[in-house]
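Student:
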Amino acid sequence: MSAVAIAAGMERISHKWGWFLVLGILQIVLGILALGDTVAVTVVSMIFLGWLLIFSAILHALHWFRGRERSFFLDLLGFILDLVVGFIFLTNPAAGAVTLTLVLAAFLLVGGVMRIVASLSFDLPHRVWAILSGVVAAGLGVLLWIHWPLSGLYFIGLAIGIELIFRGWAWVMLAVRMRHFAHAV
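Residues in the sequence shown are numbered from 68 upward in steps of one, following this note's numbering.
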């Protein structure tokens, strides 16, 4: 996207900077509240994910009954997996969170190690940042694994809270930029 297109877009919406500021502040407040009770946020997120999976299972079943022979097995498999995992998340959200955290720990550990190996294998400019990213990801995976299953009860809520705060801060900074842009025009 060119600088001219970005400036034109900013000019169109810059008078609404207050709404972006309110959105950012609300997300920061929600993030702080989420950090206040990470276990509750983890449980609520697992219940929400469970309902999404149940809805997905219903859509798989509808597609399955439409009668496509080619996708019969995949729709049946998707239906069964979504229904079973959704039911587990709804009936026992703590077990779902613990399991999901273990999968996430393995993903972070393997992904971090792969990023480190790939960065060391090629002579790329500024590869220290990719190596650092890999070290952080692998370290997070190890920490989750070491503290598992306890980490499964709070980590997802912690991640949601931190994400809300940083996303809210990004909206606040955009609103400040839009305000300056509106006054400059």
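Built from N, CA and C at the ideal position, the CB exists for glycine as well. Keep in mind it's a predicted model, so treat the numbers as computed, not measured.
1) For the putative contact between V203 and I183, defined by C-beta atoms under 8 Å, what is the C-beta separation to the nearest angstrom?
2) Near A128, which residues of its chain fall below 6 Å by C-beta distance, leaving aside the five closest residues on each side in sequence?
3) Would you call the segment 209 to 224 in contact with the segment 191 to 201, where contact means no fewer than 3 C-beta pairs closer than 8 Å?
4) Considering only the beta carbon of each residue, do L241 and F140 sit closer than 8 Å?
5) Quick one: grab the DSSP three-state call for R182.
6) Is it buried or exposed for F233, if we count other Cβ within 10 angstroms and need 16 for buried?
7) Do L167 and I223 have their C-beta atoms within less than 8 Å of each other?
8) What does the alpha-carbon distance come out to for the pair W131 and V111?
9) So L102 packs on G228, CB below 8 Å; how close in whole Å?
10) So the candidates are V106, G98 and A164; which of them puts its Cα closest to the Cα of M113?
11) Using only alpha-carbon positions, find the residue among L93, F156, G206 and L157 that is nearest to G178.
12) What is the DSSP secondary structure of P160, reduced to helix, strand or coil?
13) Would you call the segment 168 to 177 and the segment 112 to 126 touching, i.e. three or more CB-CB distances under 8 Å?
14) I need the boundaries of the alpha helix (DSSP H) containing L90, first residue and last residue.
Tutor: On the basis of the coordinates in this document:
1) Along the sequence shown, read from residue 1 onward, the residue named residue 203 stands at position 136. Along the sequence shown, read from residue 1 onward, the residue named residue 183 stands at position 116. Not quite, the Cβ-Cβ distance comes to about 10 Å (not below 8 Å), so this is no contact.
2) Residue numbering aside, residue 128 sits at position 61 when the sequence shown is read from its first letter. Counting only Cβ-Cβ distances below 6 Å, and skipping sequence neighbours, we find F146.
3) no
4) For the purposes of this step, residue 241 is taken as the residue at position 174 of the sequence shown. For the purposes of this step, residue 140 is taken as the residue at position 73 of the sequence shown. Cβ atoms of L241 and F140: not closer than 8 Å.
5) Taking the first residue of the sequence shown as 1, we reach residue 182 at position 115. Helix.
6) The count along the sequence shown starts at 1 and reaches residue 233 at position 166. The residue in question, F233, is exposed, as its Cβ has fewer than 16 Cβ neighbours within 10 Å.
7) In the sequence shown, the residue the question calls residue 167 occupies position 100. In the sequence shown, the residue the question calls residue 223 occupies position 156. Yes, the pair counts as a contact, with Cβ atoms nearer than the cut-off.
8) Here residue 131 refers to the residue found at position 64 of the sequence shown. Here residue 111 refers to the residue found at position 44 of the sequence shown. Going by the C-alpha atoms only, they are around 30 Å apart.
9) Taking the first residue of the sequence shown as 1, we reach residue 102 at position 35. Taking the first residue of the sequence shown as 1, we reach residue 228 at position 161. That belief holds up - the Cβ atoms of L102 and G228 are roughly 4 Å apart, short of 8 Å.
10) As a working note, residue 113 is residue 46 in the sequence shown. For the residues V106, G98 and A164, the minimum Cα distance to M113 belongs to A164.
11) Stepping through the sequence shown from its first residue, residue 178 is reached at position 111. Nearest C-alpha to G178: G206.
12) In the sequence shown, counting from the first residue as 1, residue 160 sits at position 93. P160: helix per DSSP, three-state reduction.
13) no
14) Locating residue 90 in the sequence shown gives position 23, where the first residue counts as 1. Looking at the DSSP string, the run of the alpha helix (DSSP H) that includes L90 is W84 to G103.
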